[in-house]
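A short worksheet on the structure shown next.
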Amino acid sequence: AKAEAKLSGYTAIGFAIMYATIILLVYFAQMTTVQTGGLSEQATNILDFQRFGLFFSYDMLGYALMALSTFFAGLTVNAKSKADKWLKALLLIHGIFFISCFMMPMLGLFTPNMEGSAWIGTAILMFWCIYFVPVGILSCLHFSKCGE
């Protein structure tokens with residue numbers, strides 16, 4: 002592989018490791034403290050996603066890092082086929098989400114009493130999941146050709 006592709010690949014792995022670390026800590030805290038209840042009001046404000054506190058912001062930071070990871074992963078794709086071109090484009094475009102995931106918590110766009118917050122969160126999650134269906138399929142096609 003070219004030196005630029007290797008550097009991009011290592012950068013993608015670095016951001017993926019940071020993403021995984023943050024997300025594992027956030028979700029572990031959610032599953033072990035928020036779900037079990039018994040938290041003080043102040044702790045709930047920090048940990049509960051429904052209140053858009055500190056751990057929600059950490060979650061958004063994690064997804065911002067994932068977006069950077071996919072962007073750099075896209076730079077490693079040597080697009081020869083139409084499927085590879087689509088994969089590369091989807092990975093690079095996903096990198097744009099870094100900006101929104103990183104900036105929105107700092108701008109205070111999410112508040113506990115926000116109208117329609119549950120619906121908006123569900124819609125964003127569904128979009129994100131649908132976006133990654135072709136990425137997963139195209140990645141399988143791409144990597145199945147690597148051994149040839």
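Residues 2 to 149 in the working numbering are what the sequence shown spells out, letter by letter. All C-beta atoms in this analysis are idealised placements derived from N, C-alpha and C, irrespective of residue type, glycine included.
Which term fits residue i, buried or exposed, when burial requires 16 or more other beta carbons within 10 angstroms of its beta carbon?
{"i": "residue 144", "result": "exposed"}
{"i": "residue 65", "result": "buried"}
{"i": "residue 106", "result": "buried"}
{"i": "residue 4", "result": "exposed"}
{"i": "residue 54", "result": "buried"}
{"i": "residue 119", "result": "exposed"}
{"i": "residue 134", "result": "exposed"}
{"i": "residue 125", "result": "exposed"}
{"i": "residue 73", "result": "buried"}
{"i": "residue 68", "result": "buried"}
{"i": "residue 1", "result": "The requested residue 1 does not occur in the structure, where the chain is confined to residues 2 to 149."}
{"i": "residue 39", "result": "exposed"}
{"i": "residue 9", "result": "buried"}
{"i": "residue 108", "result": "exposed"}
{"i": "residue 89", "result": "buried"}
{"i": "residue 61", "result": "buried"}
{"i": "residue 70", "result": "buried"}
With respect to the alpha helix (DSSP H) encompassing residue i, which residues constitute its N-terminal and C-terminal limits?
{"i": "residue 41", "result": "First-last for residue 41: undefined, no H or E at that position."}
{"i": "residue 137", "result": "118-145"}
{"i": "residue 80", "result": "From DSSP, residue 80 is part of no alpha helix (DSSP H); its letter is neither H nor E."}
{"i": "residue 113", "result": "Premise fails: residue 113 is in no alpha helix (DSSP H) and is neither H nor E."}
With DSSP as the reference, label residue i as helix, strand or coil.
{"i": "residue 49", "result": "coil"}
{"i": "residue 54", "result": "coil"}
{"i": "residue 97", "result": "coil"}
{"i": "residue 7", "result": "helix"}
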